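Participant: Numbering (our numbering), first residue to last: 1 to 69.
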Amino acid sequence: MVGSSFYSGEWTETLGTDMIFSINSDAIDKSKMEFVAVSDTRLSTKKVLLSKDDDTKTNCSIDLGNNAG
Numbered sequence: 001m002v003g004s005s006f007y008s009g010e011w012t013e014t015l016g017t018d019m020i021f022s023i024n025s026d027a028i029d030k031s032k033m034e035f036v037a038v039s040d041t042r043l044s045t046k047k048v049l050l051s052k053d054d055d056t057k058t059n060c061s062i063d064l065g066n067n068a069g
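#1: Between the Cα of residue 15 and the Cα atoms of 50, 44 and 40, which residue gives the shortest distance?
#2: Could you check the C-alpha separation between residue 22 and residue 33 for me, to the nearest Å?
#3: I'd like the list of long-range same chain contacts for residue 5, defined as Cβ closer than 7 Å, with 5 residues on each side in sequence excluded.
#4: Let me make sure I understand the geometry here. Which of 24, 9 and 3 has the alpha-carbon closest to that of residue 35?
#5: To the nearest angstrom, report how far apart residue 29 and residue 8 are at their CA atoms.
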């Protein structure tokens, strides 16, 4: 759950290496990024919509639209 949205995801291997950077929010120059790590895996997620049916069971539907990441 991120905010009020639910997501379903899985870890996947990447072709190559992802480099992970962070922006230091305390720094004066916000345009500089700091190297954090490298990874050969990525968390791929899709937004999940939750709803209740007439039997008060919780149903889950997955938006199969394109992934943003």
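Note that the Cβ used here is the ideal one computed from N, Cα and C, for glycine as well. Since the structure is predicted, the reported quantities are computational estimates derived from the model, not experimental observations.
Facilitator: The relevant details are as follows:
#1: 40
#2: 6 Å
#3: 47
#4: 24
#5: 36 Å
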